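The next block holds one structure in the form of structure tokens; read it before the comments.
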Amino acid sequence: MKSVRSAAIALSALMFVVAGAPARAAEAPKALSPWDAQLYAAAFDAVKRGDFASADQNTARVSDKSLLGFVEFQKLFHPTAYTATYAELMAWLDKYADLPGAQRVRALAAKRKPTETSIDGVVPTTVTPAGQRTWESIDAVLNAVQTGERFEPLTPKAAREALNAGDLTNARKLAAETGDWWVAGLAAWRQRDYEEAFRRFEMIALDVTEDPWVRSGGAYWAARAAVARGTPQDAPELLRVAAQFPHTFYGMIAERQLGLEPALRTGPQPYLPQGAQPVVMKTAAAGGDLATPALQQLIKTSPRAKRAVALAQLGQTMDAGLELRAGMAAARTEPERADWTALAMALNDQLSASRARDVVDARDYPMPDLGVDVPFTVDKALLYALMRRESRFNPSAQSNVGAYGLMQVMPSTAAWLTGDDKLAKKPELLLDPATNLRVGQAYIAYLASQGPVGNDMLRVIAAYNGGPLRVMDPAKQLGPDADVLTFIESIQVPQTRVYVEEVMAAYWAYRRILGQDTKSLDAVAAGAKRVDMRLDTPGASSPQIVATAALATGEK
Numbered sequence: 002m003k004s005v006r007s008a009a010i011a012l013s014a015l016m017f018v019v020a021g022a023p024a025r026a027a028e029a030p031k032a033l034s035p036w037d038a039q040l041y042a043a044a045f046d047a048v049k050r051g052d053f054a055s056a057d058q059n060t061a062r063v064s065d066k067s068l069l070g071f072v073e074f075q076k077l078f079h080p081t082a083y084t085a086t087y088a089e090l091m092a093w094l095d096k097y098a099d100l101p102g103a104q105r106v107r108a109l110a111a112k113r114k115p116t117e118t119s120i121d122g123v124v125p126t127t128v129t130p131a132g133q134r135t136w137e138s139i140d141a142v143l144n145a146v147q148t149g150e151r152f153e154p155l156t157p158k159a160a161r162e163a164l165n166a167g168d169l170t171n172a173r174k175l176a177a178e179t180g181d182w183w184v185a186g187l188a189a190w191r192q193r194d195y196e197e198a199f200r201r202f203e204m205i206a207l208d209v210t211e212d213p214w215v216r217s218g219g220a221y222w223a224a225r226a227a228v229a230r231g232t233p234q235d236a237p238e239l240l241r242v243a244a245q246f247p248h249t250f251y252g253m254i255a256e257r258q259l260g261l262e263p264a265l266r267t268g269p270q271p272y273l274p275q276g277a278q279p280v281v282m283k284t285a286a287a288g289g290d291l292a293t294p295a296l297q298q299l300i301k302t303s304p305r306a307k308r309a310v311a312l313a314q315l316g317q318t319m320d321a322g323l324e325l326r327a328g329m330a331a332a333r334t335e336p337e338r339a340d341w342t343a344l345a346m347a348l349n350d351q352l353s354a355s356r357a358r359d360v361v362d363a364r365d366y367p368m369p370d371l372g373v374d375v376p377f378t379v380d381k382a383l384l385y386a387l388m389r390r391e392s393r394f395n396p397s398a399q400s401n402v403g404a405y406g407l408m409q410v411m412p413s414t415a416a417w418l419t420g421d422d423k424l425a426k427k428p429e430l431l432l433d434p435a436t437n438l439r440v441g442q443a444y445i446a447y448l449a450s451q452g453p454v455g456n457d458m459l460r461v462i463a464a465y466n467g468g469p470l471r472v473m474d475p476a477k478q479l480g481p482d483a484d485v486l487t488f489i490e491s492i493q494v495p496q497t498r499v500y501v502e503e504v505m506a507a508y509w510a511y512r513r514i515l516g517q518d519t520k521s522l523d524a525v526a527a528g529a530k531r532v533d534m535r536l537d538t539p540g541a542s543s544p545q546i547v548a549t550a551a552l553a554t555g556e557k
């Protein structure tokens, strides 16, 4: 098994090999007869319109009853035309408790039950609020699982809390219980169990219902794990899944790995619409063949697999994806996981039929004239990326935590950094764009000069959002050899993790719009441990000199 470092190098080398690899054509899986497909399509359409009588007439005529629960579910949860009763919800659960929406139905039934009747015979227990939950309480849950004792229900945060505490083994157990495949994959990666990491991240990559930022990340990490486990031939298709979303952090890294030209549309200002873009590359997992005996047997023997195929056939993408996700989560053996993965790949053409590689529009990355005569002592692209995220270029912006101006500077930080107490006593002074930019740039330079941050761009951005302590916490757990992506994903505060990804993606977009190199992107794609801020600006001064220069311009 290759080391993490050698895996990163091998993955970097793929960019020149796979750029032109064609996607394969896939057959269109079918589970419903043309007659039933027509009736179900009419029923779903009728429910959407609120015409439940017509929906009932169509479903009464189908011969294949496998999707009746989905039609009924959409009726029960219609946003305006229907209010489900407790009796109706319980009747649905009696028939369709194995469908993905069962948990949502139980929750609504619990709210509408007329008495203290329990749902599924379970008397509700008191749940400790997330803000009061401690690691000891999570440990108690694990002990209860092992002994069969009654315990508080797990929450989605449980696995991440274990990961943050450095308890990777229990993080994996809790992630399996709560379905947190991201934490499961990351914990497995940190334990060098690359086979398990690949399986977990691949589940995210194949989930067409997932948010693009999350799905592209899952696909990229699955590609990393594929190389690390010794199967680099599996990486290119996963990288193409990530590259479908070139506006995202991992989508941009995947583009670079694949050697693709950036999917950035600038055009002549004011960036007039250029019409539909050509398909650059279809989704990576396209091309599965439903005619294989293993998949035919899965569809024949698994009601869930049949429903997934039928829903995909009808264009019910969300529900089909949920069935696939549930099926992959329930798979317990390696052959079962392989069958479900193959099914997801076979359905991917239908679920992603309209999904070509996105195009990044430069209009999403404005560069307004700031109207101030303040030198850029920090990379202009980085400043614009930060201002875009912090204030949307509103010089009068004030946050609910007391940050001010274009770069959302805290008055106490400004006063300490400049030695000017007026900035703390009269924080409205920070609404002046010139003052705000000088202080903001000085603070960036100060953070870059600190030991835990060490002029690393991603750590500087993390520290700008959450302070240096949020950079120190994962450093203690991971040690000095962790690559920068593992470091960022191990930051304990989700807001900061998202912040780093969004700012870095915008930074690379601004660099491209300005016609500048993105050597920092090369470094991240190559698995670097640190990404020096000066990579993109050769000849830049040291952080201490930059900070002094930033504060020296203008009056206090």
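Residues 2 to 557 in my numbering are what the sequence shown spells out, letter by letter.
The beta carbon of each residue, even a glycine, is placed where N, CA and C say it ideally should be.
All values reported here derive from a predicted model rather than from experimental measurement.
Per-residue burial, residue i [other beta carbons within 10 Å of its own, 16 or more giving buried]
{"i": "Pro247", "result": "buried"}
{"i": "Ala27", "result": "Since pLDDT at Ala27 reaches only 45, below the 50 mark, its modelled position is unreliable, and the value read off the structure follows with that caveat. The residue in question, Ala27, is buried, as its Cβ has 16 or more Cβ neighbours within 10 Å."}
{"i": "Leu515", "result": "exposed"}
{"i": "Gln104", "result": "exposed"}
{"i": "Phe250", "result": "buried"}
{"i": "Pro481", "result": "exposed"}
{"i": "Asp537", "result": "buried"}
{"i": "Asp181", "result": "buried"}
{"i": "Asp37", "result": "buried"}
{"i": "Pro539", "result": "exposed"}
{"i": "Arg393", "result": "exposed"}
{"i": "Gly186", "result": "buried"}
{"i": "Val402", "result": "exposed"}
Bridge partner(s) assigned by DSSP for residue i
{"i": "Tyr405", "result": "Gln399 and Val410"}
{"i": "Leu265", "result": "Val361"}
{"i": "Asp457", "result": "Asp533"}
First through last residue of the alpha helix (DSSP H) which encompasses residue i
{"i": "Pro294", "result": "Pro294 to Thr302"}
{"i": "Val525", "result": "Lys520 to Ala526"}
{"i": "Asp320", "result": "Thr318 to Ala331"}
{"i": "Thr170", "result": "Leu169 to Thr179"}
{"i": "Arg513", "result": "Pro495 to Ile514"}
{"i": "Val215", "result": "Pro213 to Ala229"}
{"i": "Ile492", "result": "First-last for Ile492: undefined, no H or E at that position."}
{"i": "Phe74", "result": "Leu69 to Leu77"}
{"i": "Lys426", "result": "Lys423 to Lys426"}
{"i": "Gly186", "result": "Trp182 to Arg191"}
{"i": "Thr84", "result": "Where Thr84 is concerned, there is no enclosing alpha helix (DSSP H), given that its DSSP letter is neither H nor E."}
{"i": "Lys477", "result": "Leu470 to Leu479"}
{"i": "Ser55", "result": "Phe53 to Thr60"}
{"i": "Gln442", "result": "Pro434 to Ala449"}
{"i": "Lys112", "result": "Ala103 to Arg113"}
Integer-rounded CB distance, given that residue j should sit under 8 Å from residue i
{"i": "Thr90", "j": "Leu77", "result": "First, the amino acid is wrong: residue 90 is Leu here, not Thr. Confirmed, about 7 Å."}
{"i": "Leu344", "j": "Leu299", "result": "6 Å"}
{"i": "Val558", "j": "Gly328", "result": "This structure leaves residue 558 out entirely; the chain is present only between 2 and 557."}
{"i": "Gly406", "j": "Ala416", "result": "That belief does not hold up - the Cβ atoms of Gly406 and Ala416 are roughly 14 Å apart, past 8 Å."}
{"i": "Arg389", "j": "Ala507", "result": "6 Å"}
{"i": "Val63", "j": "Leu40", "result": "5 Å"}
{"i": "His79", "j": "Gly51", "result": "6 Å"}
{"i": "Gln258", "j": "Ala526", "result": "5 Å"}
Own chain, CB closer than 8 Å to residue i, minus 5 neighbours either side, in chain order
{"i": "Gln75", "result": "Phe45, Val48 and Lys49"}
{"i": "Pro130", "result": "Low confidence applies to Pro130: its pLDDT is 41, below 50, so where it sits in the model is not reliable, and the reading given next is rough at best. Counting only Cβ-Cβ distances below 8 Å, and skipping sequence neighbours, we find nothing."}
{"i": "Pro469", "result": "Leu448, Gln451, Pro453 and Val454"}
{"i": "Ser34", "result": "Ser64 and Asp65"}
Spatial neighbours of residue i in its chain, beta-carbon cut-off 7 Å, leaving aside the 5 residues before and after
{"i": "Ala226", "result": "Trp190, Tyr195, Ala198, Phe199 and Phe202"}
{"i": "Tyr87", "result": "Ala110, Arg113, Lys114 and Pro115"}
{"i": "Phe488", "result": "Pro475 and Leu479"}
{"i": "Met473", "result": "Pro453"}
{"i": "Val494", "result": "Gly467 and Arg471"}
{"i": "Met368", "result": "Tyr385"}
{"i": "Gln147", "result": "Because Gln147 carries a pLDDT of 45, less than 50, the predicted location of this residue cannot be relied on, and the following value inherits that uncertainty. Cβ within range, chain order: n/a, list empty."}
{"i": "Ser521", "result": "Met458, Val532, Leu536 and Asp537"}
{"i": "Pro336", "result": "none"}
Close-in-space but distant-in-sequence residues of the same chain around residue i (CB under 6 Å, 5 per side omitted)
{"i": "Thr497", "result": "Ala463, Asn466, Gly467 and Arg471"}
{"i": "Ala295", "result": "Asp340"}
{"i": "Glu502", "result": "Phe250"}
{"i": "Leu383", "result": "Tyr508"}
{"i": "Leu371", "result": "Pro434"}
Check: residue i C-beta below 8 Å from any heavy atom of the ligand MN
{"i": "Trp36", "result": "Here there are no bound small molecules, and the ligand MN is not part of this structure."}
Test: residue i CB closer than 9 Å to a CB of chain B
{"i": "Met473", "result": "Here there is only one protein chain, and chain B is not present."}
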